[in-house]
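Colleague:
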Amino acid sequence: MTLKKAQETVDEWINTVGIRYYSELTNTAILMEETGEVARLMARIYGEQSFKNPVDAENAPAQLADEMADVLFVLICLANQTGIDLTEALTKNLAKKTIRDADRHRNNEKLRD
Numbered sequence: 001m002t003l004k005k006a007q008e009t010v011d012e013w014i015n016t017v018g019i020r021y022y023s024e025l026t027n028t029a030i031l032m033e034e035t036g037e038v039a040r041l042m043a044r045i046y047g048e049q050s051f052k053n054p055v056d057a058e059n060a061p062a063q064l065a066d067e068m069a070d071v072l073f074v075l076i077c078l079a080n081q082t083g084i085d086l087t088e089a090l091t092k093n094l095a096k097k098t099i100r101d102a103d104r105h106r107n108n109e110k111l112r113d
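In terms of this note's numbering, the sequence shown is residues 1 to 113.
(1) Considering only their Cβ atoms, is the gap separating residue 67 from residue 37 smaller than 7 Å?
(2) From residue 85 to residue 4, what does the alpha carbon distance come to, in whole angstroms?
(3) Which residue from 40, 78, 47, 50 puts its Cα closest to that of residue 65?
(4) Sort 26, 95, 72, 18 by Cα distance to residue 1 and report the nearest one.
(5) How is residue 17 classed by DSSP in three states: helix, strand or coil?
(6) Check each candidate in 63, 80, 52 and name the one with the smallest Cα separation from residue 139.
(7) Please look up how many angstroms separate the CB atoms of residue 51 and residue 57, rounded, as I've assumed it's under 8 Å.
(8) Closest by CA to residue 32, which one among 75, 101, 108?
(9) Quick one: which unbroken alpha helix (DSSP H) runs of 4-plus residues sit fully inside the region 27-72? Chain order, please.
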């Protein structure tokens, strides 16, 4: 699915199943909440924190995928609400990074093995 198609699909879902978009401020708060859920799982899967329940550890990869999808969904909602074309925005952002970081990472001693 392309970003454009994702934006169209989310918009259609919101306007049928979801009835209407939440306000931009509410969606921003939801985005922070969902991002926190990704962070919680990352700390337990890849960090030093442990799961409280062994069953949670078994389901962690599926949970992480679902939480990442939640972040993407809400980000797409916000893009739709604010008139942002995510394809165009990402293309411009990558071009900016390519120019800005042309030598930065290559010359970063910390990134060498």
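Note that beta-carbon positions come from the ideal geometry of N, C-alpha and C, so glycine has one too. Keep in mind that this is a model prediction, so the values were computed, not measured.
Modeller: Put simply:
(1) yes
(2) 7 Å
(3) 40
(4) 72
(5) coil
(6) Nothing about residue 139 can be reported from this structure: the residues present for the chain run from 1 to 113 only.
(7) 4 Å
(8) 75
(9) none
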